[in-house]
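**Student:** Encoded as C-alpha cells, here's the structure I'll be asking about.
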Amino acid sequence: MSRSEAVALGLTEGEYDGIVDRIGREPNQVELAMFSLMWSEHCAYKHSKKLLRTLPVEGPRLVLGPGENAGAVDVGDGWAVAFKVESHNHPSAVEPFQGAATGVGGILRDVFAIGARPIAVLDSLRFGEPTSERSRYLLDHAVAGIGHYGNSVGVANVGGEVYFEAPYEQNCLVNAMCVGLVERERLIRSAAAGVGNKLVLFGASTGRDGIGGASVLASAELGDADADKRPTVQIGDPFEEKKLLECSLELLDRGLLVALQDLGAAGLTSSSSEMASKGEVGLRIDVRQVPLREADMEPFEIMVSESQERMLCVCEPGRVDAVLEVCARWEVGGTVIGEITDTRRMEIFDGDERVGDIPVEALVDDCPLYDLEPAAPAAPLYDAPARTLEATAARDVLLGLLASPNVASRRPLFEQYDSVVGSRTVRRPEQADAAVLAMPNGGAIGISIDGNGRRVACDPYRGAVEAVLECAANLACAGAEPLGLTNCLNFGNPEKPHIAWQLTEAVRGLGDACRALDLPVVGGNVSLYNEGGEGPIYPTPVVGMVGELPDPLHAGRTGFAREGDAIAIAGPFAPALPGSELAKLRGEPLPDGLPETDVAAVRAAQAAIRDAVRGGRLSSAHDVAEGGLLTAVAESCLAGGLGAELELDVADEERVFGEGPGGFVVSAPEAALRELAERIPVTIIGTVRGESIRGPGLHASLDELRAAHGALAALFD
Amino acid sequence: MPHGGDRSVKFGVLQFPGSCDERDALLACAKVADAELLWHGDRDLKGADAIVVPGGFSYGDYLRAGAIARFSPVMESVIEFAHDGGLVLGICNGFQVLCEAGLLPGALLPNVERRFVCRQVDLEVVDAETAFTNRCAPGELLSIPAKHQTGRFYAPDLDPDLVVLRYATGHCFNGSQDEIAGVRNAAGNVFGLMPHPEHAVDPLTGSVDGLSIFSSMAHAGVAV
Amino acid sequence: MDVVSTRVRVLIRPKEGILDPQGKAVERVLPALGFQGVANVHVGRLVELDVNDVSQVGPMCEKLLANTLIEEYSILTPEAEETSPDVGPDAPRG
Amino acid sequence: MDVVSTRVRVLIRPKEGILDPQGKAVERVLPALGFQGVANVHVGRLVELDVNDVSQVGPMCEKLLANTLIEEYSILTPEAEETSPDVGPDAPRG
Ligand SMILES: Nc1ncnc2c1ncn2[C@@H]1O[C@H](COP(=O)(O)OP(=O)(O)O)[C@@H](O)[C@H]1O
Ligand SMILES: [Mg+2]
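Chains as they are written, first to last, in the working numbering: chain A, 1 to 717; chain B, 1 to 224; chain C, 1 to 94; chain D, 1 to 94.
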C-alpha cells in the first residue's frame with residue numbers, strides 16, 4: 001500500500017511513516033484499513049485526548065470512569081447507574097432517519113456492553129433555523145429515527161433538548177445519551193483476558209455498511225462531495241438490537257463471559273483491538289468465520305464494516321457451547337471468530353492465510369497526539385442572527401419568546417418517544433426540569449442533558465460553565481443531587497486556531513465547573529470537524545448529568561400546583577440581555593464574552609432549592625433559562641394549568657427577559673419561601689391565581705400563552 | 001391487597017423476542033395475583049388461568065404489527081386456550097396479535113397522523129360487566145398511557161355490544177372507528193386494547209387506573 | 001435438483017374505502033415540490049420473492065403477507081399477466 | 001380540460017446489500033407455515049398514483065417517494081414495460 005492511499009484514507013504522510021516505522025514494513029491493505037480507522041480522529045482522539053486528560057474523573061460515588069464503554073456511579077444498595085452520551089452528527093447530516101436511529105443503537109450498546117440494562121435515552125439536537133426546508137427535513141427525520149429505534153427496543157426516552165441556530169444549518173448535531181441500571185457486582189469490563197479463550201461475535205451479519213463511513217465521515221469536513229459518501233450509511237434494526245440486548249444480559253446473568261464489547265465505529269477492528277489492548281494480550285481472528293450478508297466481501301471490508309447490532313465477547317473454551325446456545329435462543333447467531341493469544345499482536349487470517357499482523361499497541365495506543373494551537377479570534381466568528389422580533393411591549397415579547405423555536409414546547413418531538421416503558425418514569429418531559437426515574441432500591445434518579453451553543457459561542461469558557469450549572473439546576477428543581485457527568489464535545493475543525501481556542505476554553509470551563517461542583521466526568525465523546533461551507537457550528541459542549549433523590553414521592557415539578565401560592569425568584573440571579581434568546585430574536589450580534597458567574601453561590605442556591613423540593617416545601621421549582629424570568633413564569637403556568645398575578649416591573653427588560661445562571665422560579669406558601677430566604681436570596685414576585693399572566697403592563701391568557709408555546713407543532717404536519 | 005385480587009389465580013405473560021412491556025405487565029399482574037413469563041417458542045402455558053399478550057414489537061413488527069407473532073408456538077396454545085374459554089388480554093401489540101389471530105374482531109391501521117404518539121389518555125368504561133372491567137364503574141374514566149403508531153381500530157360491521165372501552169372526548173389521537181379503545185370477542189373471554197394499563201399501576205408513575213383491568217381479570221379468574 | 005424458481009411480486013395496498021393517511025400525505029406534499037396533476041395516491045407494500053411453485057403465492061398472501069380485512073393484493077409473475085384472486089387486474093380483490 | 005391520467009405503480013425496495021430485516025423475517029417464517037421453496041424475499045413499498053405526465057414519476061421518486069441512498073425503485077406503467085432509470089427491469093437502478 002502506498003502513502004497516497006493512506007492519505008486518501010485520511011492519514012497524514014507523517015502518520016503513514018509512523019505506521020511503517022512501527023510495523024517495520026509497508027502495511028498491506030487490511031493493515032492500512034485498520035490503521036486508518038484506529039488512527040482517525042474518531043477512534044484516537046488525536047486532537048482532544050490531551051485536553052480530556054484535564055477533566056476531573058474522581059468522585060466518591062464513581063464506579064466506572066472514562067475508558068470503559070460507559071461510565072457509572074453508585075446509587076446505593078448495590079446498584080449502579082451507567083451513562084454516556086455520544087454523537088452521530090455526520091451520519092445524521094447524510095441520512096437523518098438512519099443516522100439518528102443508529103446513533104441511539106450505538107449508545108444503547110455502549111451501556112449494555114458493561115452489563116447494564118438501558119432504562120432511558122435522552123437526545124440532544126441542533127438544527128438550522130426551522131425556516132429552512134432542509135432543517136425541517138433533518139428535524140423531522142432525525143426525531144422519527146430516534147423514536148423508531150428507542151421505542152422499538154423498549155427504552156424510555158425521557159428527555160432531551162433541541163436548539164435551532166443558523167450555524168447548524170449545514171451540520172446538524174444529533175447526540176444521544178443512554179442511562180442504564182446494573183447491580184454493581186454485575187458490571188463487566190471489556191478487557192480481553194485468558195490466553196486460549198475464545199472470541200465470539202454475535203448479532204447481525206456483516207455487510208458493507210459504513211465502510212469508510214463513520215470514521216472517515218467523522219474526520220473530514222462535509223463538503224459538496226457528500227453524495228460520494230452516501231452509499232456507506234449504516235442501517236439500524238432495533239429488533240435485532242433488542243435481541244442482542246437480552247442475549248448479552250442473559251450471557252452475563254449466567255456468568256458465561258470474561259469480557260464484553262460492542263461494535264461501534266470501525267467495527268471489528270476497534271472493538272477487538274481495544275479489547276486486546278486493555279487486556280494486554282494478542283488476538284487471532286479468522287475473517288472467514290464472520291457471517292456475511294454479502295458473499296464477496298474482502299477481508300479488509302469485514303474488518304472495518306460498521307454493520308450495526310453486533311457484539312463481541314470473550315469466553316472460556318469450555319463455555320463456548322453454552323454461549324452459543326444462549327445466542328441461538330435469542331436468534332442472534334453467535335460464531336467463534338478467534339481466540340486470545342499471548343503475542344500482543346492482532347493477527348488477521350482469511351482461512352489459513354495470514355492477511356494482517358500488527359502489534360496491538362501500535363494500532364491502539366501509538367497514534368500521535370497533537371497539540372492544539374489555540375488563538376482567540378480577533379474578529380467575530382459568527383454573523384449576527386436574523387432579526388425576527390420587532391415587538392417591544394412585554395406581552396408581545398413574551399409571546400414572541402414562547403413561540404421562538406428555542407423556547408417553544410418540545411411536545412411535538414417528545415410525544416413521538418415512548419417515555420413510560422419500564423414503568424419507572426416518575427417525571428416525564430415537561431413535568432419537571434429533569435426526568436425522574438424510580439430505582440429498585442426505593443430511591444430515584446434525576447437526569448438532564450443541556451448545552452446552549454450560542455452562549456458558548458459568546459464565551460467558550462463561561463458558556464461551558466453555564467452548561468454544567470444549567471444541568472445541575474435542572475436536577476435541583478427535581479430534587480436531585482448530581483453524582484456524575486458525561487459530555488459530548490461538538491466542535492468545528494480543531495486544526496484551526498479559533499476552533500482550537502473554543503475547544504480549549506470550553507474544556508477548561510467544563511473542568512472548572514465540575515471541580516466546583518465536586519462532580520466526576522464519567523465519560524463522553526468528541527465530535528470534531530463539524531463545519532459546512534458556511535463555517536463552523538457554534539461550539540457545543542453537551543452535558544448530561546445523573547443525580548439521585550432519596551424519595552421519588554417528593555420529586556419536584558415545573559408547574560404551579562396550588563392557587564394562592566406565592567411566586568418568587570430565588571437564587572443569585574443577575575440576568576443580562578446580551579447573548580439572550582431575546583437578543584437573538586432582535587438580531588443582535590453575539591457579545592464578546594458573558595458576565596462572570598459566582599459558581600459557589602449558584603451551587604449553594606441549587607442545594608437550597610434541592611433541599612426545599614425534597615422536603616416537600618415547594619409546590620414548584622423551575623430554573624430560569626432561555627427567555628428569562630417571565631418566560632420561566634409562563635412555563636410554570638402552562639405546566640400547571642394555572643395563571644399568575646405578578647408584581648414585576650416589566651419595563652425592565654433586563655430583569656424579566658435577561659438570562660444568566662442561578663435563578664429559580666419557585667412557588668409555595670409564603671412561610672416556606674421565608675424559610676428558603678434564610679439560605680438564599682428570595683424575592684416574591686406574585687401569586688398563583690386565575691387563568692392568565694397579569695401584572696402592571698402585562699396581560700396574556702393561558703390560551704394565548706399555550707398557542708404561542710405550541711409553535712413547533714407546525715413543523716410536524 | 002389494594003384491589004382484592006386473588007393469589008390463587010395465575011397470569012401467564014407472553015414474551016416475544018421483541019416484547020418491550022412484558023416485565024411491566026408481569027409486575028402489574030403480580031400486584032393482584034401470581035404471574036409468570038411464557039416464552040414464545042414454548043407451547044406450554046404452565047397452568048396459567050389468564051394470559052396477557054403484552055406490548056412491544058413482538059417479532060419486530062415486520063410486514064404488519066403482530067402478523068408474524070400470531071404464528072408463534074405459544075400463540076397456538078393461546079388460541080386453543082381462548083377457544084376453550086380462557087381469559088386473554090392483549091395490550092397494544094398484543095391487541096394486534098389477537099386481531100391477526102382472529103381472536104378479536106377487526107384490525108389496527110396506522111394512526112391518522114401517521115406518527116408514533118405517546119400520551120396519557122382518558123378511557124371511558126363502556127361496559128363494566130366484562131371479565132376485564134368488573135372492577136370498574138360504568139362510565140368511569142381511566143387515565144392510562146397510550147403509545148403507538150398503528151392503533152387505528154377498524155372493524156366493519158362490529159357488534160356494538162363488543163365495545164368495552166372508548167377514548168374520552170378529545171383523547172382519541174389515532175382515528176379509531178367510533179373512538180373505540182378496547183373490544184372483546186363475542187364470548188367475552190378475549191379482550192384487547194391499545195393503551196397500556198400495565199404502565200398505570202403505581203401512583204408514582206402517574207396513575208393506578210390500569211390496575212382495575214388486572215384485578216378484574218383476577219376476580220373473574222376465580223369465578224371461572 | 002432441478003427446480004426452476006420464479007421471481008414473483010406481490011403488491012399489497014389498503015382496501016378501497018379505508019383511509020390511507022400515507023397516500024394522502026404524499027398527495028399533499030407532491031404539489032409543494034412542483035409536481036402537479038397527481039391524484040389517487042396510495043401507499044402499500046411490495047413483497048418480492050423467488051418461489052418454486054407460483055400457485056403457492058396466493059395462499060401465502062391470504063395467510064401471511066396481506067390482512068384481507070384491510071388490504072387487497074395482486075400478484076405479478078413474469079410470464080402471466082397480473083393475477084389477483086377472483087377478479088381482474090384493475091379491480092384487485094380484497 | 002382533457003388531460004388523460006395514467007395509473008402508475010412505483011415499486012421501491014431496499015438496495016442490494018442494504019439490510020432488509022423485513023425480508024429476512026418473512027423468509028424465516030414462511031417455511032414454518034408450510035411454504036417451502038421460497039428464497040430471496042424482499043419487502044419494500046408500493047406507491048400507486050394517477051399522473052397526467054408519466055415522465056414526472058422518475059423525478060418524484062428521486063425527490064420524494066424513494067430514499068435513493070438506501071432504496072432503488074422501478075416504475076410500472078400500463079402501456080410501457082417496466083422502466084427504471086438507466087437500466088433494465090431486472091437490474092433496477094440504485
Ligand atoms: N468528552 C469526553 N469526556 C470524557 N471522556 C470522554 C470524552 N470523550 C470520550 N471520552 C471517553 O473516551 C473513551 C473512548 O470513547 P469512544 O471512542 O467514544 O468509546 P466507544 O467506542 O465505546 O463509543 C470512552 O471511555 C469515553 O467515555
Ligand atoms: Mg463502545
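For each residue, glycine too, the CB sits at the ideal point set by N, CA and C. Since this is a predicted model, take the numbers as computed values, not measurements.
What are the partner residues of alanine 794(A), as DSSP defines its beta bridges?
**Tutor:** Past the edges of chain A, shown from 1 to 717, lies residue 794(A), and the structure says nothing about it.
**Student:** Are the C-beta atoms of leucine 109(B) and some chain C residue less than 8 angstroms apart?
**Tutor:** So, interface residue.
**Student:** Looking only at C-alpha atoms, which of Arg136(A), Pro238(A), Gly78(A) and Asp140(A) sits nearest to leucine 108(A)?
**Tutor:** Looking at the Cα atoms, Pro238(A) is the closest of the given residues.
**Student:** Return the Cβ separation of valine 53(B) and cysteine 29(B) in integer angstroms, given the expectation that the two are a contact with Cβ distance under 8 angstroms.
**Tutor:** Going by Cβ atoms, the distance from valine 53(B) to cysteine 29(B) rounds to 12 angstroms, so no, they are not a contact pair.
**Student:** Determine, using beta carbons only, whether proline 96(A) and leucine 715(A) come nearer to each other than 8 angstroms.
**Tutor:** Their beta carbons are not under 8 angstroms apart, which means proline 96(A) does not touch leucine 715(A) by this criterion.
**Student:** Please list, in chain order, the chain C residues whose beta carbon lies closer than 7 angstroms to that of arginine 64(B).
**Tutor:** The answer, in chain order, is Asn67.
**Student:** Which complete beta strand (DSSP E) runs does the stretch 282 to 315 of chain A hold, if anything under 3 residues is left out?
**Tutor:** Within the stretch 282 to 315 of chain A, the complete beta strand (DSSP E) runs of at least 3 residues are 282 to 286 and 310 to 315.
**Student:** Given a cut-off of 8 angstroms, decide if isoleucine 680(A) and alanine 605(A) are closer than it, judged by their beta-carbon atoms.
**Tutor:** In contact: alanine 605(A) and isoleucine 680(A) (Cβ atoms closer than 8 angstroms).
**Student:** Measuring CB to CB, does leucine 45(B) end up less than 8 angstroms from serine 8(B)?
**Tutor:** Contact flag unset, no.
**Student:** If you run the structure through DSSP and keep just helix, strand and coil, what is aspartate 62(B)?
**Tutor:** Before going on, a small fix: residue 62(B) reads as tyrosine here, not aspartate. Reduced to three states, the DSSP call for tyrosine 62(B) is coil.
**Student:** Taking DSSP's pairing of strands, which residues face phenylalanine 202(A) in a bridge?
**Tutor:** Met311(A).
**Student:** Under a Cβ-count criterion, where at least 16 other Cβ atoms within 10 Å of its own Cβ denotes burial, should histidine 171(B) be classed as buried or exposed?
**Tutor:** Per the 10 Å Cβ criterion, buried.
**Student:** Could you name the residues of chain C that leucine 30(D) contacts, counting a contact when the two beta carbons are closer than 8 angstroms?
**Tutor:** The contacting residues are Met60 and Leu64.
**Student:** Consider the Cβ of glutamine 56(C): report whether some Cβ of chain B lies at a distance smaller than 8 angstroms.
**Tutor:** Answer no: the Cβ-Cβ gap between glutamine 56(C) and chain B never drops below 8 angstroms.
**Student:** Would the beta-carbon of leucine 676(A) fall within 8 angstroms of that of alanine 574(A)?
**Tutor:** Their beta carbons are not under 8 angstroms apart, which means leucine 676(A) does not touch alanine 574(A) by this criterion.
**Student:** Beta-carbon of phenylalanine 71(B) versus every beta-carbon of chain D: anything under 8 angstroms?
**Tutor:** It does: the Cβ of phenylalanine 71(B) has a partner Cβ on chain D nearer than 8 angstroms.
**Student:** Measure the Cβ-Cβ separation of threonine 687(A) and glutamate 645(A) and say whether it is below 8 angstroms.
**Tutor:** Contact: yes.
**Student:** Between the alpha carbons of leucine 585(A) and valine 656(A), how many angstroms are there, rounded?
**Tutor:** Those two C-alpha atoms are separated by around 15 angstroms.
**Student:** Listing by chain order, which chain C residues have their CB less than 8 angstroms from the CB of isoleucine 12(D)?
**Tutor:** Near isoleucine 12(D) (Cβ distances below 8 angstroms), the residues of chain C are Leu46.
**Student:** Which residues in the same chain have their Cβ closer than 7 angstroms to the Cβ of leucine 49(C), if we skip the five residues on either side of it in sequence?
**Tutor:** Around leucine 49(C): Val8.
**Student:** Are the Cβ atoms of leucine 109(B) and threonine 150(B) separated by less than 8 angstroms?
**Tutor:** Result yes, Cβ atoms of leucine 109(B) and threonine 150(B) sit closer than 8 angstroms.
**Student:** Taking contact to mean 3 or more Cβ pairs, one atom from each stretch, closer than 8 angstroms, check whether the stretch 39 to 59 of chain A and the stretch 167 to 177 of chain A are in contact.
**Tutor:** At 8 angstroms Cβ cutoff, the stretches do not touch.
**Student:** Using only alpha-carbon positions, find the residue among Leu204(B), Asn174(B) and Asp24(B) that is nearest to leucine 19(C).
**Tutor:** The shortest Cα separation from leucine 19(C) among Leu204(B), Asn174(B) and Asp24(B) belongs to Asn174(B).
**Student:** With distances taken between CB atoms, is the gap from alanine 464(A) to proline 578(A) smaller than 8 angstroms?
**Tutor:** No; because the gap between Cβ atoms is not below 8 angstroms, this pair is not in contact.
**Student:** Can the beta-carbon of cysteine 514(A) be found closer than 8 angstroms to that of valine 521(A)?
**Tutor:** Closer than 8 angstroms, so yes.
**Student:** DSSP three-state label for phenylalanine 164(A), please.
**Tutor:** Looking at phenylalanine 164(A) - three-state DSSP - the assignment turns out to be strand.
**Student:** Compute the distance between the beta-carbons of histidine 88(A) and alanine 70(A), then report whether it is under 8 angstroms.
**Tutor:** Contact: no.
**Student:** For tryptophan 79(A), which of helix, strand or coil comes out of DSSP?
**Tutor:** In the structure shown, tryptophan 79(A) sits in a strand (DSSP, three-state: E or B).
**Student:** Which value, in whole angstroms, describes the spacing of the CA atoms of tyrosine 167(B) and threonine 133(B)?
**Tutor:** Straight-line Cα distance between these residues: approximately 15 angstroms.
**Student:** Assuming the contact rule is C-beta atoms closer than 8 angstroms, leucine 122(A) and isoleucine 447(A) should be a hit. Round their C-beta distance to whole Å, please.
**Tutor:** Yes, leucine 122(A) and isoleucine 447(A) are in contact; Cβ-Cβ is about 6 angstroms, under 8 angstroms.
**Student:** Comparing C-alpha positions only, which one of Gly556(A), Ala403(A) and Glu306(A) sits nearest to leucine 712(A)?
**Tutor:** Per the Cα distances, Ala403(A).
**Student:** Our contact map puts valine 47(C) next to threonine 6(C) with C-beta atoms below 8 angstroms; I'd like the distance itself, whole angstroms only.
**Tutor:** In fact, because the Cβ distance is near 14 angstroms, the residues do not count as touching under 8 angstroms.
**Student:** Taking the beta carbon of arginine 254(A) as the centre, do at least 16 other beta carbons fall within 10 Å, making it buried, or is it exposed?
**Tutor:** Per the 10 Å Cβ criterion, exposed.
**Student:** Taking the beta strand (DSSP E) that asparagine 487(A) belongs to, which residues open and close that run?
**Tutor:** Residues 481 to 490.
**Student:** In chain order, what residues of the same chain have a beta carbon less than 6 angstroms from the beta carbon of leucine 162(B), not counting five sequence neighbours either side?
**Tutor:** Val183 and Arg184.
**Student:** Tell me which same chain residues have a C-beta within less than 6 angstroms of the C-beta of threonine 269(A), skipping the five on either side of it?
**Tutor:** Excluding sequence neighbours, threonine 269(A) sits near Met34, Leu37, Met303 and Val304.
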